[in-house]
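These notes are about the structure you will find just below.
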Amino acid sequence: MLIALASSSAPATADWPVYGRDLANSRDGGHDGPSLAQIPTLKQAWSFKSPAGDFTGTPVVANGVLVAGDYSGIVYALDAVTGKLRWSRKLNEPINGSAAIDPGAPNGATVYVPLAHVGRPRLVALSLGDGHTRWTRVLTDQSGSSVYSSPTYWNGTVYIGTSGPNGDASTARGSILALDAASGAVRWRTYTVPPGRDGGAVWSTPTIDIATGRLYVGTGNAYHAPAADTTDAILALDASTGAILAHYQAVGGDTFAADNPAGPDADFGASANLIRAPDGTALVGEGAKDGVYYTLDRATMKLAWKSTVGPGSAVGGVVGGTVYDGKRIYGSDALTSQVWALGSGGSSQWSSTDGGSLDFSPLAMANGVLYSADQAGSLTIRDGATGTVLKTLSLGGPTFGGISTVGGAVYVAVGLGPPPPPAPQQQSGAGSIVAFGDTSRSGAPGSHDGGGGGGAPPPRIRLSVRPRSVQAGRRTVFRFTARAASKPASGVLVRFAGRSGRTNAKGRVRIATRLRRGRHSARATKPGLRSRRVAVYAHRR
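According to numbering that gives the first Met the number 0, numbering within the sequence shown proceeds without interruption in unit steps and concludes at 540.
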C-alpha cells in the first residue's frame, strides 16, 4: 500500500512561488509540467544567462514572472513565457538560496530575497512589478552567521532560518524567524540551541502544517562541544509564537567545524515533507546527511520509521530537497548522485544505477514525471513509478541548482556557486535559467501570450466573508461571496484554513472550520481573473 496524499495549502496553486512549491514542501507540481507522453519530444524553449554569477536556488514563478537571484547579488525577473528580462536589481550580497513570490502580499505582489552576508544576513522585500525595495531586515548579527534557508510565507508572515556559513566556520546559533510581510518587523525569533551553545543551523526552508499551526524544520550539528539535544534534530514550533513544542534528535553529540572536525557532520539539510501514513496518521519526514530519511508522528514527534537511502558523509547523504507526490518520497544521495524512491513504511520502491559526481540539486516532479539535475550538466527525466530514465537533456553547464514546473514547462537553475572558504571564491559567471517544454501556459492569470503587456488587466475578484471575527476553537460556517466586474463570479476557488470550495452561480460558497487564535487569510482564484484575499480574525473567549 502506498502513502496517502497529505493535506496542505500552497501559497499559490498553479504556480511555483516558493522553494518547495507549497507550505508542505512537496516539490510536486501536480498536473503542471509535461505529461509522460510529451517527454520524448521535450526540448528547450529559452535560456537566460547571467553575466555575473551562478544560480543555485530554485526558480520561483507566479503571475507570469520567474524570479531568481545569482551569487553575485543580482535579482532577475523574467517573463516566464519568453524568458525576456522584465527588471533586475543589484543587491550587492551573495544569493545562494531561493526567492519567494507572494502575489497577495499586503503591499501588493512581493518578492522576498535572502542575502548571505556573513555576520549580518538579511531578507529583502521587492516589488514584483518593478523590483523597488519595500523593506530590508537583518536576520541576525551574530559573528559567523549566514543564511542558506529560503523564505516561505503564510497568513501575512514570512518565515526563514539562519545558519553559519558553508564549511561550519562559526560559533553562531541557528535560528528561525517570523517577519511581518508588510513591514519586515520581527514577530518572533527562536534560537535552536540555548545560550552558551552553538550550531543547530537551519539550512532548509520551514514547512508549515496549516491545520495545526505547527512549523517543522531540521537543524544541523553543533560546531563545538557540548552539543545541545536540538542539534541534528527535527523541531516542531508554534508558527504563531515560535515556541519549540517538541523535537526529535537523530544523531547526538555531533560536533563539527572547520577548526573542530570531530563529529560525523550529520545535519538535516533537505527541507521536511508533510506526508500521511496509510492509516491516516499525519507524518513529517526529512532526509539527513547520514543517508537516512526519518519520518515522525507530527503530533508526538516520535519516530514512525526511518530508511537508509544511501551512504552518509560530511558532504552527503540527503542534502537536496526531496519530493512527495502523495504516493512516494523521492530524493538523491549527494555522495553518489543516485536517485531513490520510498513507499509505505520506508520500503524501497527503486534506486537508480546511474550515479556520478557530487549532486546537491533538489528534485522536482509533475504529472508523475521526476526531474533531477546534476554536476554533469544534465537534466535527467524519469518515470516516477519505476525510475526508468525517459530522456536526458543538456543544461549547458554543471549545476547544483533547483527545478520547478509550471503550466506545461520545466524551469532549471544552472550554476555551482563558489566552493567553501578558504578556497578562492571565483565563479565562472556561466549561470543561467533554462526553460523546457510549453511555456505558453506560464503567463499571468487569464493571459497566454506571456507578455503581460498591452490591453487592460483582467478584472479583480471582489471577495467578502461573513463573519469576519470569530471565537477561536469554535466551529464556524464562513459564507464567502465572490464578484467580478460587478457581477457574481461562479467557479471561483476559495481556499481557507486548509479547506477549499468553489462558488456557485450566485458567487457564494460556504466553508466550515475551526480556527486557531490569530489572523487567517482566505484566497480566491479563477483563471482569467486577478486573485483576491480577505482576512478573518479569531480571538479568545
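Where is the CB? At the ideal position from N, CA and C, for every residue including glycine.
With C-beta atoms as the reference, is residue i less than 9 Å away from residue j?
i	j	result
TYR410	ALA443	no
ALA124	PRO113	no
LEU77	ARG88	no
THR404	GLY28	yes
PRO120	ASP14	no
GLY376	THR398	yes
GLY401	GLY56	yes
ILE460	ARG482	yes
VAL250	ILE233	no
GLY199	THR229	yes
PRO458	VAL535	no
THR294	GLY279	no
VAL59	PRO16	yes
ASP21	LEU415	no
THR191	SER169	no
TYR111	TYR152	yes
SER468	THR480	no
ASP264	ALA313	yes
Short of 6 Å in beta carbon distance, which residues of its chain neighbour residue i, apart from the five on each side in sequence? Order them along the chain.
i	result
GLY252	ALA226
HIS447	Annotation note: pLDDT 40 at HIS447 (below 50); position unreliable, coordinate value reported separately. Taken in chain order, the residues that qualify are SER439.
PRO164	VAL117 and SER145
LEU236	LEU214 and ILE243
PRO194	none
ALA511	VAL476
TYR18	THR57, SER97, SER149 and THR204
GLY286	ALA269, TYR292, VAL317, THR321 and GLY330
ARG478	ARG465 and ARG509
GLY454	In this predicted model, GLY454 has a pLDDT of only 40, less than 50, meaning its place in the structure is not dependable enough to derive any value.
Helix, strand or coil for residue i? Go by DSSP, reduced to three states.
i	result
SER8	Because the pLDDT at SER8 is just 36, under 50, the model does not fix this residue reliably, and the point stays unresolved.
THR240	coil
ALA36	helix
GLY472	coil
GLY68	strand
VAL533	strand
SER126	strand
GLY386	coil
SER520	strand
ARG172	strand
GLY103	coil
ARG539	coil
SER351	coil
GLY344	helix
ASP448	With a pLDDT of only 38 at ASP448, under the threshold of 50, the placement of this residue in the model should not be trusted, and no figure is reported.
SER306	strand
SER439	helix
SER542	Because residue 542 is not part of the residues shown, which for the chain are 0 to 540, the question remains open.
ASP358	coil
Buried or exposed for residue i, going by 16 or more other Cβ atoms inside 10 Å?
i	result
LYS548	The first residue shown for the chain is 0 and the last is 540, placing residue 548 beyond what the model contains.
THR307	exposed
PRO50	exposed
GLY166	exposed
ASP197	buried
ARG531	buried
SER34	exposed
LEU302	exposed
THR385	exposed
THR379	buried
LYS525	buried
SER371	buried
HIS246	buried
SER25	buried
ASP140	exposed
Would you grab the beta carbon distance between residue i and residue j for me? Rounded to a whole angstrom, and I think it's under 8 Å.
i	j	result
LEU369	VAL322	7 Å
GLY315	GLN337	That belief does not hold up - the Cβ atoms of GLY315 and GLN337 are roughly 10 Å apart, past 8 Å.
SER520	GLY506	Between GLY506 and SER520 the Cβ distance is about 19 Å, and since that is not below 8 Å, they are no contact.
ARG381	LEU389	6 Å
SER431	PHE47	6 Å
TRP202	SER142	19 Å between Cβ atoms; not a contact.
GLY309	PHE359	Actually they are not in contact, since the Cβ atoms of GLY309 and PHE359 sit about 13 Å apart, beyond 8 Å.
SER350	TRP339	4 Å
THR218	ASP231	7 Å
ARG473	ARG509	So it is not a contact: roughly 16 Å between Cβ atoms.
Keeping to the same chain, check which residues put their C-beta closer than 7 Å to that of residue i; ignore five residues upstream and five downstream.
i	result
ASN91	GLY72
ALA61	ALA11, ASP14, PRO16, ILE100 and PRO102
SER182	TRP134
THR335	GLY309, PRO310 and GLY354
PRO105	GLY155, ALA180 and ALA181
Within its chain, find whatever has a CB closer than 8 Å to the CB of residue i; leave out the 5 residues flanking it on each side and keep chain order.
i	result
ALA257	GLY166, ASP167 and ALA168
GLY128	GLY107 and ALA108
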